[in-house]
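Below is one structure, written out as structure tokens, with a few remarks after it.
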Amino acid sequence: MTERKTGLTYAEAGVDIDAGNLMVDKIKPLVRSTRRPGADGEIGGFGGLFDLKAAGFSDPVLVAANDGVGTKLKIAIEAGKHDTIGIDLVAMCVNDLIVQGAEPLFFLDYLATGKLDPEQGAAIVGGIAKGCREAGCALIGGETAEMPGMYHGDDYDLAGFSVGAAERGQLLPGDDIIEGDVLLGLASSGVHSNGYSLVRKIVAISGLDWSDNAPFDKSQTLAEALLEPTRIYVKPLLKAIRNTQGIKALAHITGGGFPENIPRVLSKGFSAELDLDSIQVPPVFSWLASTGGVEAHEMMRTFNCGIGMVVVVDAAQAAQIAAVLQEAGETVMPIGRIVPRGETGVIYRGALGL
Numbered sequence: 071m072t073e074r075k076t077g078l079t080y081a082e083a084g085v086d087i088d089a090g091n092l093m094v095d096k097i098k099p100l101v102r103s104t105r106r107p108g109a110d111g112e113i114g115g116f117g118g119l120f121d122l123k124a125a126g127f128s129d130p131v132l133v134a135a136n137d138g139v140g141t142k143l144k145i146a147i148e149a150g151k152h153d154t155i156g157i158d159l160v161a162m163c164v165n166d167l168i169v170q171g172a173e174p175l176f177f178l179d180y181l182a183t184g185k186l187d188p189e190q191g192a193a194i195v196g197g198i199a200k201g202c203r204e205a206g207c208a209l210i211g212g213e214t215a216e217m218p219g220m221y222h223g224d225d226y227d228l229a230g231f232s233v234g235a236a237e238r239g240q241l242l243p244g245d246d247i248i249e250g251d252v253l254l255g256l257a258s259s260g261v262h263s264n265g266y267s268l269v270r271k272i273v274a275i276s277g278l279d280w281s282d283n284a285p286f287d288k289s290q291t292l293a294e295a296l297l298e299p300t301r302i303y304v305k306p307l308l309k310a311i312r313n314t315q316g317i318k319a320l321a322h323i324t325g326g327g328f329p330e331n332i333p334r335v336l337s338k339g340f341s342a343e344l345d346l347d348s349i350q351v352p353p354v355f356s357w358l359a360s361t362g363g364v365e366a367h368e369m370m371r372t373f374n375c376g377i378g379m380v381v382v383v384d385a386a387q388a389a390q391i392a393a394v395l396q397e398a399g400e401t402v403m404p405i406g407r408i409v410p411r412g413e414t415g416v417i418y419r420g421a422l423g424l
């Protein structure tokens, strides 16, 4: 038996503190790029600070949201493309804040991996920082955990947490929704970050590799197309909320699709009547439906099908609000109206163009 000349080290157990320190050095400029009024500190402390008064709030209500990106991560890992998945992480949190009328203020992330790669980690955080800049929130801290034995191979996991604020009395949904209010749909950028267990199963059925051209978009590989980041709707919606006072409710179309998410912002006396013919369905959803033999009702309860956000507005202000959103870069579609409560919270008219 050979005697050890020295004691065990943390690195020999699989945790490299030096790699963690190197990653922190790499991401400091990225974090700095997300500074905004209320948050201008450096990372490295035991907690992140935010000054609500400096951000311009007088009597704020705080709103918090947390999320991950699901098995979309598996595509990023298998394709070796890590620079956009952080945008998804931010989007899934801040889009849930804006639907309550809250301005996202700051964001924190959690990255867990079996073996830390500082370059990969910096790419992931680069995406997070980009998402924060798009949402106007500051990345004020986070945690990186290297856990050999918990994660195997190249696997890693991401989670995020964001806090926003709205002045008291200005939270959404309002209590003024009435019959005849108009539903505006804001176009999604693609699949966003829900339903990827089904997406990956359909890709397996297709026999395609991630490096193959996407059948629905020959200009991209399949991985690039399916990793298109979740659209962040914060700045256009904040502009519309503040400039028109006509937005009554917002619904972020995530897991559960139309039938699960739209009724969450309606009182029990109302349903949303959707004109499916008016929805411009991106080719990716048609490919998923045809390749996987997925029926329309299953598509609508799994994916966003081209509508990432639903806006409930006063009918008299629908054109004005649509114009403000379009000027801010959104593709806006009138997709329905509020009607008296039916058997379900969402009533469909027409057929989805799959």
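Final position of the sequence shown in the working numbering is 424; the numbers increase by one with none missing.
Every residue, glycine too, gets a C-beta built ideally from N, C-alpha and C.
Predicted model only: the values in this text are computed from it and were never measured.
In the DSSP assignment, residue 215 is bridged to 182.
In this model, residue 93 and residue 131 are separated by some 35 Å (Cα to Cα).
Cβ contact annotation for residue 361 (same chain, cutoff 6 Å, sequence separation greater than five): 272, 276, in chain order. Taken through DSSP and simplified to helix, strand or coil, residue 349 comes out as coil.
Counting along the chain, the unbroken beta strand (DSSP E) around residue 136 starts and ends at 130-137.
The beta-carbon distance between residue 424 and residue 359, rounded to whole angstroms, is 5 Å. This is short enough to meet the 8 Å contact definition. At a Cβ-Cβ threshold of 8 Å, residue 140 and residue 264 count as neighbours. Secondary structure note for residue 237: its beta strand (DSSP E) is the uninterrupted segment 226-237. Selection 313, 303, 312 evaluated against residue 323 yields 303 as nearest (Cα-Cα).
When the beta-carbon positions are compared, residue 354 and residue 295 come within less than 8 Å of each other. In this structure, the straight-line span from the alpha carbon of residue 340 to that of residue 357 is close to 34 Å.
With three or more CB-CB distances shorter than 8 Å, the region 176-189 counts as touching the region 227-247. A straight line joining the alpha-carbon of residue 413 with that of residue 332 spans about 15 Å. Boundaries of the beta strand (DSSP E) around residue 322: 317-322. Residue ranges of uninterrupted beta strand (DSSP E) with 3 or more members, entirely inside the region 348-418 and ordered along the chain, are 377-383, 402-410. 8 Å or more divides the Cβ of residue 369 from the Cβ of residue 292.
Annotated three-state conformation of residue 174 is strand, per DSSP. A residue is called buried when at least 16 other Cβ atoms come within 10 angstroms of its Cβ; residue 91 does not meet this threshold and is exposed. Around the beta carbon of residue 167, a 10 Å sphere encloses 16 or more other beta carbons of the protein chains shown; the residue is thus reported as buried. Here DSSP, grouped into helix, strand and coil, assigns residue 166 to helix. With a cut-off of 8 Å on Cβ pairs, the region 243-262 is not in contact with the region 116-127, counting fewer than three such pairs.
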